[in-house]
Amino acid sequence: MNHGFSIVASAVMLRPFTLQDQATLAVLTQQPEITDMLPDWKMTEEQLSEFLRFVVGSYEQFDPQDVRMLLAVIHQESQQLIGWCGVFPNDMLDPSDYEVAYAISRDHRNKGYITEAVGALIAYLFEHTSLNRIVGIVKTYNPASRKVLEHTGFQYVNRRRLSDGEVYDYFELHSTHSDGIATEQITSKPLSINLRRAEHEDAVVLTEICTRAFDHAMHVWANGQKLDSNLCPPGYNAVRLHEYVIREWDYYVVEADGCAIGGVSVNVLGHGIARLDKIYIDPVCQGRGVGSQVIRQIEAAYPHILHWRLETSGRQTSNHHFYEKLGYVRIYASDAEYGYEKKIDAGSGQYDPVIEHEHVQANLDSIWYSSSTMKNSRITDCNLSGSKLTNLNMTEMLLADLRLTNTKFEFCALDGVQFQDTHLGADRVAMQWKHCDLSGSQFTDCDLSGVDLEACQVKGMKINGVSIEQLFEAYERLNNR
776 MNHGFSIVAS
786 AVMLRPFTLQ
796 DQATLAVLTQ
806 QPEITDMLPD
816 WKMTEEQLSE
826 FLRFVVGSYE
836 QFDPQDVRML
846 LAVIHQESQQ
856 LIGWCGVFPN
866 DMLDPSDYEV
876 AYAISRDHRN
886 KGYITEAVGA
896 LIAYLFEHTS
906 LNRIVGIVKT
916 YNPASRKVLE
926 HTGFQYVNRR
936 RLSDGEVYDY
946 FELHSTHSDG
956 IATEQITSKP
966 LSINLRRAEH
976 EDAVVLTEIC
986 TRAFDHAMHV
996 WANGQKLDSN
1006 LCPPGYNAVR
1016 LHEYVIREWD
1026 YYVVEADGCA
1036 IGGVSVNVLG
1046 HGIARLDKIY
1056 IDPVCQGRGV
1066 GSQVIRQIEA
1076 AYPHILHWRL
1086 ETSGRQTSNH
1096 HFYEKLGYVR
1106 IYASDAEYGY
1116 EKKIDAGSGQ
1126 YDPVIEHEHV
1136 QANLDSIWYS
1146 SSTMKNSRIT
1156 DCNLSGSKLT
1166 NLNMTEMLLA
1176 DLRLTNTKFE
1186 FCALDGVQFQ
1196 DTHLGADRVA
1206 MQWKHCDLSG
1216 SQFTDCDLSG
1226 VDLEACQVKG
1236 MKINGVSIEQ
1246 LFEAYERLNN
1256 R
């Protein structure tokens, strides 16, 4: 290869860098959209000049048996330098791996330019060098880069934590003339997974994976229709929801090769019954036998649970076949939701899951509880819409994952009660508080827009550290000007 070398595509072309490219290249390396993902490109002027001299000098020593190449991506119409694309070894990977690397200016994204450049470069290298396999690595939170690889034919292999401490998705592309492993064989190989109990610090990565999984499901199954709560669970993309589930339920990280690829949460409803709440796998890892492994490992981890329940979207027909294949039986179906259960034969030495004082999947419609103590009760995954709770001792009670639409709490001792991560439903019906003693309570990070206080005792109330008395004084001074 020499200084006159170029690869012409459609909207872009690739050519060797020159020393005259430094000023334009410096502008690109100052874009956070590039350097946030590629911090090594955040160079001083002197570092960039030295690097550019090295790249320019490397063209004369180009070896088709040991490819190390970095080319400028040029917009054909404007002749502007808009990015770069190259293939070379990466110290964090196996010595036999030659990685494709690329970047494009923020002003030219989402137009297919860098995908075209990567495709053109790889086609040339497969034809004119000894390379028959090229790899790509993408940080899990960089979907745009993943799309470039997928659109140019790369196939996902696995998820890896590399020596820089970051987690990457690892892709491969084989030449059609390669004698190596076929792409279809690579992608069909099942992933081996394990489960570990989620900890508080896992909430962020679980939120990211859950968001990708349900966003993908909506893209595939929504078809522009109104979303149901299984296809789009409330709060699925909120870190606080995942923190709550980690804190209150049994939540597990699904790992492959030591890296998180999904999550599963279990809500134990009683001594012998539990509900699989959410099972989600990163879209890039789906179709490789992960889901069935997750369910089998969960069932094995809870040998005392003899009755499993779950719900899934009525639209996701693939889910219906999946659960039925694993022994789950449909107990109801609607356009929005399918309900499944699996009863495991207790066998000898097991106990009956029906325990006194437990009401699971019971019809308690219109039941009256009067003058009762409900201390330390756990009420979860229930529909309490329209209920009226009066004259109760609810100390230390847990009310979680409930629908409380139009429910009334009257003359109840609520000392120490905590309300966390509540919402007003799809119709945004406001709550009403009347004759309630809320003295000393704290409201943190809450949406109180449009709240109306009438005839309420507000002595000592503070808003962002400012007392209500000070606010009233400031209001009076403003009005008396």
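Residue numbers 776 to 1256, in the numbering used here, belong to the letters of the sequence shown in order. Backbone N, C-alpha and C fix where the C-beta goes; we use that ideal spot for every residue, glycine too.
According to the Cβ coordinates, are residue i and residue j closer than 8 Å?
| i | j | result |
| --- | --- | --- |
| residue 893 | residue 944 | no |
| residue 986 | residue 1011 | yes |
| residue 824 | residue 854 | no |
| residue 979 | residue 1029 | no |
| residue 787 | residue 849 | yes |
| residue 863 | residue 852 | no |
Tell me the rounded alpha-carbon separation between residue i and residue j.
| i | j | result |
| --- | --- | --- |
| residue 1078 | residue 1207 | 44 Å |
| residue 1258 | residue 1004 | Since the displayed the chain opens at 776 and closes at 1256, residue 1258 lies outside it and no answer follows. |
| residue 984 | residue 861 | 29 Å |
| residue 1248 | residue 1239 | 16 Å |
| residue 1234 | residue 1210 | 16 Å |
| residue 1089 | residue 1052 | 16 Å |
| residue 884 | residue 974 | 37 Å |
| residue 1045 | residue 1154 | 11 Å |
| residue 1098 | residue 1087 | 9 Å |
| residue 865 | residue 998 | 42 Å |
| residue 1092 | residue 1198 | 29 Å |
| residue 911 | residue 871 | 13 Å |
| residue 901 | residue 907 | 6 Å |
| residue 1126 | residue 1217 | Unreliable placement is indicated for residue 1126, whose pLDDT of 43 sits below 50; the coordinate value is still reported in the next sentence. Using only the alpha carbons, I get a separation of about 45 Å. |
| residue 1075 | residue 1068 | 11 Å |
| residue 1082 | residue 1120 | 9 Å |
| residue 782 | residue 791 | 10 Å |
| residue 996 | residue 1232 | 51 Å |
| residue 1183 | residue 969 | 44 Å |
| residue 822 | residue 806 | 17 Å |
| residue 1245 | residue 811 | 44 Å |
| residue 988 | residue 1251 | 53 Å |
| residue 903 | residue 994 | 40 Å |
| residue 838 | residue 919 | 31 Å |
| residue 1224 | residue 1109 | 36 Å |
| residue 922 | residue 1253 | 57 Å |
| residue 1036 | residue 1204 | 37 Å |
| residue 1256 | residue 1242 | 22 Å |
| residue 1214 | residue 1237 | 12 Å |
| residue 1106 | residue 785 | 56 Å |
| residue 1227 | residue 886 | 49 Å |
| residue 1191 | residue 1219 | 15 Å |
| residue 1002 | residue 1200 | 13 Å |
Of all the options the options, which has the alpha carbon lying nearest to the alpha carbon of residue i?
| i | options | result |
| --- | --- | --- |
| residue 793 | 831, 803, 799 and 1237 | 831 |
| residue 1063 | 965, 1114 and 1107 | 965 |
| residue 876 | 1198, 904 and 815 | 815 |
| residue 730 | 1030, 1095 and 843 | Absent from the model: residue 730. The displayed extent of the chain is 776 to 1256, so no value can be given. |
| residue 1007 | 1068, 992 and 981 | 992 |
| residue 1103 | 1229, 1072 and 1084 | 1084 |
| residue 1061 | 1017, 932 and 1073 | 932 |
| residue 917 | 782, 1227 and 941 | 941 |
| residue 843 | 849, 1192, 850 and 834 | 834 |
| residue 1000 | 1111, 1043, 977 and 930 | 1111 |
| residue 1101 | 1108, 1116 and 1109 | 1116 |
| residue 1202 | 1181, 1215, 1219 and 1194 | 1181 |
| residue 936 | 915, 995, 1034 and 950 | 1034 |
| residue 915 | 982, 969 and 886 | 982 |
| residue 1222 | 1229, 1194, 863 and 946 | 1194 |
| residue 765 | 847, 990 and 809 | The structure shown has nothing for residue 765, since the chain only spans 776 to 1256. |
| residue 1015 | 1041, 1002 and 977 | 977 |
| residue 1230 | 898, 1118 and 1212 | 1212 |
| residue 813 | 946, 890 and 939 | 939 |
Within the present structure, is the beta-carbon of residue i separated from the nearest heavy atom of the ligand ZN by less than 7 Å?
| i | result |
| --- | --- |
| residue 1053 | By its list of ligands, the structure shown contains no ligand whatsoever, and the ligand ZN lies outside what it can speak to. |
Would you please state the rounded distance, in angstroms, between the beta carbons of residue i and residue j? I believe it to be under 8 Å.
| i | j | result |
| --- | --- | --- |
| residue 1032 | residue 971 | Actually they do not touch by this definition, with Cβ atoms about 13 Å apart. |
| residue 818 | residue 799 | No, residue 818 and residue 799 are not in contact; Cβ-Cβ is about 14 Å, not under 8 Å. |
| residue 905 | residue 836 | Actually they are not in contact, since the Cβ atoms of residue 905 and residue 836 sit about 16 Å apart, beyond 8 Å. |
| residue 1048 | residue 1070 | That pair is no contact at about 16 Å. |
| residue 1073 | residue 1039 | 6 Å |
| residue 909 | residue 868 | Not confirmed; about 12 Å, so no contact. |
Discussion item. Count Cβ pairs between the segment 886 to 905 and the segment 923 to 932 that sit closer than 8 Å; are there 3 or more?
Written reply: Touching, yes, given that three or more Cβ pairs across the two stretches are closer than 8 Å.
Practice prompt. Tell me, please, whether the segment 1007 to 1024 touches the segment 1057 to 1073 by the rule of three or more beta-carbon pairs shorter than 8 Å.
Written response: These segments do not touch.
Worksheet entry | Touching by the beta-carbon criterion (3+ pairs, under 8 Å), the segment 868 to 888 and the segment 848 to 860 | Touching, yes, given that three or more Cβ pairs across the two stretches are closer than 8 Å.
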